[in-house]
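Visitor: Before I ask anything, here is the structure I am working with.
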Amino acid sequence: MSYESILFELKDGIARITLNRPEKLNSFTAAMHGELSDAVGRVESEGARVLVITGNGRGFCAGQDLSERQMSAGAAPVDLGSTIEKYYAPMVRRLRALPLPVVVGINGVAAGAGANLALAGDIVIACESASFIQPFCRLGLLPDTGGTYVLPRLVGQARAAGLALLGDKLSARKAEQWGLIWECVTDDQLSARLDELAQHFAAAPTKGLAYTKRALNQSLANTLDQQLDLERDLMRELGATADYAEGVSAFLGKRQPVFKGK
68 MSYESILFEL KDGIARITLN RPEKLNSFTA AMHGELSDAV GRVESEGARV
118 LVITGNGRGF CAGQDLSERQ MSAGAAPVDL GSTIEKYYAP MVRRLRALPL
168 PVVVGINGVA AGAGANLALA GDIVIACESA SFIQPFCRLG LLPDTGGTYV
218 LPRLVGQARA AGLALLGDKL SARKAEQWGL IWECVTDDQL SARLDELAQH
268 FAAAPTKGLA YTKRALNQSL ANTLDQQLDL ERDLMRELGA TADYAEGVSA
318 FLGKRQPVFK GK
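Quick note, the sequence shown lines up with residues 68 to 329 if you use the working numbering.
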(Lines of atoms letter the chains of each structure in order from A and count residues from 1; the text may use other names and numbers.)
(Lines give C-alpha, C1' and ligand atoms only; values in the text may rest on other atoms or scores of the structure.)
Protein backbone atom coordinates (compact mmCIF):
# COMPACT_ATOMS: atom_id res chain seq x y z
CA MET A 1 0.00 0.00 0.00
CA SER A 2 1.07 3.61 -0.48
CA TYR A 3 1.72 5.73 2.60
CA GLU A 4 0.61 9.29 3.31
CA SER A 5 0.95 9.53 7.10
CA ILE A 6 4.30 7.77 7.47
CA LEU A 7 7.54 7.28 5.55
CA PHE A 8 9.02 3.79 5.22
CA GLU A 9 12.42 2.56 4.08
CA LEU A 10 14.11 -0.82 4.29
CA LYS A 11 17.72 -1.07 3.15
CA ASP A 12 20.67 -3.24 4.19
CA GLY A 13 18.68 -4.78 7.03
CA ILE A 14 17.71 -1.40 8.49
CA ALA A 15 14.00 -0.53 8.50
CA ARG A 16 13.00 3.06 9.16
CA ILE A 17 9.50 4.28 9.96
CA THR A 18 9.01 8.04 10.19
CA LEU A 19 5.71 9.39 11.48
CA ASN A 20 4.87 12.03 8.89
CA ARG A 21 2.06 14.36 9.90
CA PRO A 22 4.30 17.22 11.06
CA GLU A 23 1.55 19.83 10.79
CA LYS A 24 -0.35 17.86 13.47
CA LEU A 25 2.72 16.89 15.53
CA ASN A 26 2.39 13.39 14.03
CA SER A 27 -0.77 12.69 16.02
CA PHE A 28 -2.51 9.40 15.30
CA THR A 29 -5.48 8.94 13.00
CA ALA A 30 -7.15 5.71 11.94
CA ALA A 31 -5.45 6.01 8.54
CA MET A 32 -2.05 6.45 10.17
CA HIS A 33 -2.64 3.36 12.31
CA GLY A 34 -3.39 1.36 9.18
CA GLU A 35 -0.22 2.51 7.46
CA LEU A 36 1.91 1.87 10.56
CA SER A 37 0.48 -1.63 10.88
CA ASP A 38 1.26 -2.38 7.25
CA ALA A 39 4.83 -1.08 7.61
CA VAL A 40 5.48 -3.18 10.72
CA GLY A 41 4.19 -6.17 8.76
CA ARG A 42 6.86 -5.49 6.15
CA VAL A 43 9.48 -5.25 8.89
CA GLU A 44 8.37 -8.68 10.08
CA SER A 45 8.43 -10.29 6.63
CA GLU A 46 11.13 -8.58 4.57
CA GLY A 47 14.33 -9.42 6.43
CA ALA A 48 14.89 -6.35 8.61
CA ARG A 49 17.41 -6.74 11.43
CA VAL A 50 16.60 -3.47 13.22
CA LEU A 51 13.70 -1.01 13.18
CA VAL A 52 14.23 2.72 13.76
CA ILE A 53 11.14 4.83 14.50
CA THR A 54 11.28 8.63 14.38
CA GLY A 55 8.93 11.57 13.89
CA ASN A 56 9.10 14.24 11.20
CA GLY A 57 9.06 17.93 12.10
CA ARG A 58 9.23 19.54 15.52
CA GLY A 59 7.69 16.70 17.52
CA PHE A 60 7.77 12.93 17.76
CA CYS A 61 4.07 12.29 18.33
CA ALA A 62 1.35 14.21 20.19
CA GLY A 63 -0.78 11.10 20.71
CA GLN A 64 -4.31 10.74 19.38
CA ASP A 65 -5.59 13.34 16.93
CA LEU A 66 -8.54 14.59 18.96
CA SER A 67 -10.24 16.01 15.87
CA GLU A 68 -11.27 12.40 15.22
CA ARG A 69 -12.87 12.31 18.67
CA GLN A 70 -15.18 15.32 18.37
CA MET A 71 -18.78 14.44 19.17
CA SER A 72 -21.81 16.21 17.79
CA ALA A 73 -24.72 17.06 20.06
CA GLY A 74 -26.79 13.99 20.86
CA ALA A 75 -24.28 11.56 19.35
CA ALA A 76 -23.34 8.36 21.15
CA PRO A 77 -20.07 8.52 23.13
CA VAL A 78 -16.91 7.41 21.36
CA ASP A 79 -15.90 3.88 22.36
CA LEU A 80 -12.31 4.51 23.44
CA GLY A 81 -11.92 0.91 24.52
CA SER A 82 -12.60 -0.20 20.96
CA THR A 83 -9.92 2.19 19.70
CA ILE A 84 -7.38 0.72 22.10
CA GLU A 85 -8.37 -2.84 21.23
CA LYS A 86 -8.23 -2.20 17.48
CA TYR A 87 -5.20 0.07 17.16
CA TYR A 88 -2.99 0.91 20.13
CA ALA A 89 -2.80 -2.39 22.01
CA PRO A 90 -2.00 -4.50 18.92
CA MET A 91 0.79 -2.12 17.92
CA VAL A 92 2.40 -2.22 21.38
CA ARG A 93 2.20 -6.01 21.35
CA ARG A 94 3.75 -6.21 17.88
CA LEU A 95 6.64 -3.89 18.72
CA ARG A 96 7.42 -5.76 21.94
CA ALA A 97 7.28 -9.10 20.12
CA LEU A 98 9.32 -8.10 17.06
CA PRO A 99 12.31 -10.49 16.89
CA LEU A 100 14.74 -7.62 16.39
CA PRO A 101 15.74 -4.42 18.22
CA VAL A 102 13.38 -1.45 18.00
CA VAL A 103 15.19 1.89 18.33
CA VAL A 104 13.08 5.01 18.87
CA GLY A 105 14.37 8.54 18.34
CA ILE A 106 12.47 11.34 20.11
CA ASN A 107 13.05 14.68 18.39
CA GLY A 108 10.48 16.81 20.24
CA VAL A 109 7.36 16.33 22.30
CA ALA A 110 6.19 12.77 22.90
CA ALA A 111 2.76 13.00 24.49
CA GLY A 112 0.03 10.60 25.49
CA ALA A 113 -0.15 7.53 23.30
CA GLY A 114 2.83 8.90 21.39
CA ALA A 115 5.00 8.79 24.52
CA ASN A 116 3.84 5.32 25.50
CA LEU A 117 4.24 3.91 22.00
CA ALA A 118 7.82 5.22 22.06
CA LEU A 119 8.39 3.45 25.39
CA ALA A 120 7.41 0.17 23.71
CA GLY A 121 10.75 0.39 21.91
CA ASP A 122 13.84 -1.40 23.18
CA ILE A 123 16.28 1.51 22.96
CA VAL A 124 14.84 5.02 23.28
CA ILE A 125 17.07 7.99 22.46
CA ALA A 126 15.89 11.58 22.90
CA CYS A 127 17.44 14.92 22.09
CA GLU A 128 17.79 17.52 24.84
CA SER A 129 14.89 19.61 23.60
CA ALA A 130 12.52 16.63 23.68
CA SER A 131 9.98 16.04 26.43
CA PHE A 132 7.49 13.42 27.62
CA ILE A 133 3.95 14.18 28.77
CA GLN A 134 1.14 11.99 30.09
CA PRO A 135 -1.79 14.42 29.54
CA PHE A 136 -4.59 11.88 30.00
CA CYS A 137 -5.52 13.24 33.43
CA ARG A 138 -6.48 16.54 31.79
CA LEU A 139 -9.08 14.74 29.72
CA GLY A 140 -10.50 12.54 32.45
CA LEU A 141 -8.67 9.50 31.09
CA LEU A 142 -5.81 7.19 32.11
CA PRO A 143 -2.44 6.50 30.43
CA ASP A 144 -3.17 3.93 27.73
CA THR A 145 -0.98 2.29 25.08
CA GLY A 146 0.74 0.42 27.90
CA GLY A 147 1.41 3.52 29.97
CA THR A 148 0.08 2.15 33.26
CA TYR A 149 2.19 -0.98 32.72
CA VAL A 150 5.51 0.44 31.63
CA LEU A 151 5.76 3.61 33.74
CA PRO A 152 5.91 1.96 37.20
CA ARG A 153 8.37 -0.62 35.87
CA LEU A 154 10.71 2.00 34.43
CA VAL A 155 10.60 4.81 36.98
CA GLY A 156 8.91 3.32 40.06
CA GLN A 157 5.45 3.75 41.56
CA ALA A 158 5.91 7.24 43.03
CA ARG A 159 7.26 8.82 39.86
CA ALA A 160 4.77 6.95 37.69
CA ALA A 161 1.93 8.28 39.84
CA GLY A 162 3.27 11.82 39.58
CA LEU A 163 3.57 11.64 35.81
CA ALA A 164 0.12 10.08 35.38
CA LEU A 165 -1.87 12.09 37.94
CA LEU A 166 -0.30 15.51 37.37
CA GLY A 167 0.42 15.37 33.64
CA ASP A 168 3.56 17.49 34.03
CA LYS A 169 6.14 17.73 31.28
CA LEU A 170 9.26 15.61 31.82
CA SER A 171 12.44 16.78 30.13
CA ALA A 172 14.54 14.35 28.13
CA ARG A 173 17.49 14.87 30.46
CA LYS A 174 15.42 14.00 33.53
CA ALA A 175 13.86 11.06 31.65
CA GLU A 176 17.37 9.73 31.17
CA GLN A 177 18.23 10.29 34.84
CA TRP A 178 15.05 8.50 35.94
CA GLY A 179 15.68 5.51 33.67
CA LEU A 180 12.64 6.17 31.48
CA ILE A 181 14.86 6.20 28.37
CA TRP A 182 18.28 4.88 27.48
CA GLU A 183 20.03 8.07 26.45
CA CYS A 184 19.66 11.83 26.00
CA VAL A 185 21.87 13.51 23.40
CA THR A 186 22.25 17.04 22.10
CA ASP A 187 19.83 18.00 19.35
CA ASP A 188 22.50 17.99 16.67
CA GLN A 189 23.67 14.49 17.69
CA LEU A 190 20.32 12.68 17.48
CA SER A 191 20.36 11.72 13.81
CA ALA A 192 23.96 10.50 13.88
CA ARG A 193 23.36 8.53 17.08
CA LEU A 194 20.34 6.78 15.56
CA ASP A 195 22.36 5.93 12.44
CA GLU A 196 25.16 4.56 14.62
CA LEU A 197 22.76 2.29 16.51
CA ALA A 198 21.05 1.18 13.30
CA GLN A 199 24.36 0.16 11.75
CA HIS A 200 25.39 -1.62 14.95
CA PHE A 201 22.22 -3.70 15.19
CA ALA A 202 22.13 -4.44 11.46
CA ALA A 203 25.48 -6.25 11.88
CA ALA A 204 24.67 -7.89 15.22
CA PRO A 205 23.53 -11.48 15.94
CA THR A 206 19.83 -10.78 15.45
CA LYS A 207 18.44 -14.04 16.80
CA GLY A 208 20.44 -13.71 20.00
CA LEU A 209 19.14 -10.16 20.44
CA ALA A 210 15.58 -11.33 19.75
CA TYR A 211 15.86 -14.03 22.41
CA THR A 212 17.39 -11.53 24.84
CA LYS A 213 14.43 -9.23 24.23
CA ARG A 214 12.02 -12.13 24.74
CA ALA A 215 13.67 -13.19 27.98
CA LEU A 216 13.67 -9.65 29.39
CA ASN A 217 9.98 -9.23 28.54
CA GLN A 218 9.01 -12.52 30.15
CA SER A 219 11.08 -11.83 33.26
CA LEU A 220 8.54 -9.21 34.34
CA ALA A 221 6.02 -11.95 35.13
CA ASN A 222 8.29 -14.95 35.83
CA THR A 223 9.61 -16.31 39.08
CA LEU A 224 13.36 -16.84 39.36
CA ASP A 225 12.93 -20.56 38.73
CA GLN A 226 10.82 -19.91 35.65
CA GLN A 227 13.35 -17.43 34.35
CA LEU A 228 16.27 -19.79 34.88
CA ASP A 229 14.39 -22.49 32.97
CA LEU A 230 13.63 -20.04 30.17
CA GLU A 231 17.31 -19.02 29.96
CA ARG A 232 18.28 -22.68 29.74
CA ASP A 233 15.82 -23.37 26.92
CA LEU A 234 16.72 -20.28 24.90
CA MET A 235 20.45 -20.80 25.34
CA ARG A 236 20.05 -24.36 24.13
CA GLU A 237 18.53 -23.07 20.89
CA LEU A 238 21.05 -20.26 20.47
CA GLY A 239 23.95 -22.65 20.97
CA ALA A 240 22.98 -24.35 17.73
CA THR A 241 22.93 -21.18 15.61
CA ALA A 242 25.39 -20.16 12.93
CA ASP A 243 25.91 -16.80 14.64
CA TYR A 244 27.07 -18.47 17.84
CA ALA A 245 29.56 -20.58 15.89
CA GLU A 246 30.77 -17.47 14.10
CA GLY A 247 31.09 -15.54 17.35
CA VAL A 248 33.24 -18.24 18.94
CA SER A 249 35.36 -18.61 15.80
CA ALA A 250 35.92 -14.85 15.59
CA PHE A 251 36.81 -14.63 19.26
CA LEU A 252 39.36 -17.43 19.02
CA GLY A 253 40.73 -16.05 15.77
CA LYS A 254 40.95 -12.51 17.19
CA ARG A 255 38.92 -11.03 14.34
CA GLN A 256 35.63 -9.17 13.96
CA PRO A 257 32.66 -11.56 13.62
CA VAL A 258 30.42 -11.45 10.55
CA PHE A 259 26.95 -12.25 11.82
CA LYS A 260 24.13 -13.22 9.49
CA GLY A 261 21.33 -12.86 11.99
CA LYS A 262 20.68 -16.61 12.04
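Beta carbons: idealized from backbone N, C-alpha and C, even for Gly.
In chain order, which alpha helix (DSSP H) runs of at least 4 residues are fully inside the stretch 86-163?
Guide: Whole alpha helix (DSSP H) segments, 4+ residues: 97-112 and 147-150.
Visitor: Would you identify the three-state DSSP class for residue 286, choosing helix, strand or coil?
Guide: Taking the first residue of the sequence shown as 1, we reach residue 286 at position 219. Helix, per DSSP.
Visitor: Which of helix, strand or coil does DSSP assign to residue 315?
Guide: In the sequence shown, the residue the question calls residue 315 occupies position 248. Looking at residue 315 - three-state DSSP - the assignment turns out to be helix.
Visitor: Using a Cβ-Cβ cutoff of less than 6 Å, which residues in the same chain neighbour residue 147 once the five nearest sequence positions on both sides are dropped?
Guide: Residue mapping note: residue 147 aligns to position 80 of the sequence shown, counting from 1. No residues qualify anywhere along the chain.
Visitor: Below 6 Å CB to CB, which residues in the same chain sit around residue 168 once its five sequence neighbours on both sides are set aside?
Guide: Translated into the one-based positions of the sequence shown, residue 168 becomes position 101. Excluding positions up to five away in sequence, the list reads 117, 189, 268 and 276.
Visitor: Kindly list the residues whose CB is nearer than 6 Å to the CB of residue 179, restricted to its own chain and excluding five residues on each side of it in sequence; keep chain order.
Guide: Locating residue 179 in the sequence shown gives position 112, where the first residue counts as 1. If we look at residue 179 and ignore the five residues flanking it on each side, its Cβ neighbours are 130 and 202.
Visitor: What residues are listed by DSSP as bridge partners for residue 330?
Guide: Past the boundaries of the shown model lies residue 330; the chain is included only from 68 to 329, so the question cannot be answered.
Visitor: Suppose contacts are defined by Cβ-Cβ distances below 8 Å. Is residue 170 in contact with residue 264 by that definition?
Guide: Residue 170 sits at position 103 when you count from the first residue of the sequence shown. Residue 264 sits at position 197 when you count from the first residue of the sequence shown. Yes.
Visitor: Candidates 154, 101 and 278: which alpha carbon is nearest residue 166's?
Guide: Looking up residue 166 in the sequence shown gives position 99. The option with the nearest alpha carbon to residue 166 is 278.
Visitor: Applying the criterion that 16 or more other CB atoms from any shown protein chain within 10 Å of the CB defines a buried residue, is residue 158 buried or exposed?
Guide: The residue you call residue 158 lines up with position 91 of the sequence shown. Per the 10 Å Cβ criterion, buried.
Visitor: Just confirm the distance between the C-beta atoms of residue 198 and residue 247, as a whole number of angstroms; I'd bet it's less than 8 Å.
Guide: As a first step, residue 198 must be located in the sequence shown, where it is residue number 131. As a first step, residue 247 must be located in the sequence shown, where it is residue number 180. About 11 Å; that fails the 8 Å criterion.
Visitor: Can you tell me the Cβ-Cβ gap for residue 192 and residue 257, rounded? I've got them flagged as a contact below 8 Å.
Guide: Within the sequence shown, the letter at position 125 stands for residue 192. Within the sequence shown, the letter at position 190 stands for residue 257. Indeed they touch by this definition, with Cβ atoms about 7 Å apart.
Visitor: CA-CA distance, residue 226 and residue 185?
Guide: Position 159 of the sequence shown, counting from 1, holds the residue named residue 226. Position 118 of the sequence shown, counting from 1, holds the residue named residue 185. Straight-line Cα distance between these residues: approximately 18 Å.
Visitor: Should residue 282 and residue 326 be called a contact, given that it needs their Cβ atoms to be closer than 8 Å?
Guide: Walking along the sequence shown from the start, residue 282 turns up at place 215. Walking along the sequence shown from the start, residue 326 turns up at place 259. The answer is no: Cβ separation not under 8 Å.
Visitor: Using only the alpha-carbon positions, how far apart do residue 305 and residue 313 sit?
Guide: Residue mapping note: residue 305 aligns to position 238 of the sequence shown, counting from 1. Residue mapping note: residue 313 aligns to position 246 of the sequence shown, counting from 1. Those two C-alpha atoms are separated by around 12 Å.
Visitor: Exposed or buried, which one is residue 106 when buried takes at least 16 other CB atoms within 10 Å?
Guide: Within the sequence shown, numbered from 1, the residue matching residue 106 stands at position 39. With 16 or more other Cβ atoms within 10 Å, it is buried.
Visitor: Which residues in the same chain as residue 260 place their Cβ atom closer than 7 Å to its Cβ, once the five residues preceding and following it in sequence are excluded?
Guide: Locating residue 260 in the sequence shown gives position 193, where the first residue counts as 1. Same-chain partners within the cutoff: 192 and 252.
Visitor: Given that a residue counts as buried once 16 or more other Cβ atoms are within 10 Å of its Cβ, and exposed if not, what is residue 144?
Guide: Residue 144 sits at position 77 when you count from the first residue of the sequence shown. Its Cβ having fewer than 16 others within 10 Å, residue 144 is exposed.
Visitor: So the candidates are 125, 296, 95 and 114; which of them puts its Cα closest to the Cα of residue 329?
Guide: Within the sequence shown, numbered from 1, the residue matching residue 329 stands at position 262. Residue 114 is the option with its Cα nearest to residue 329.
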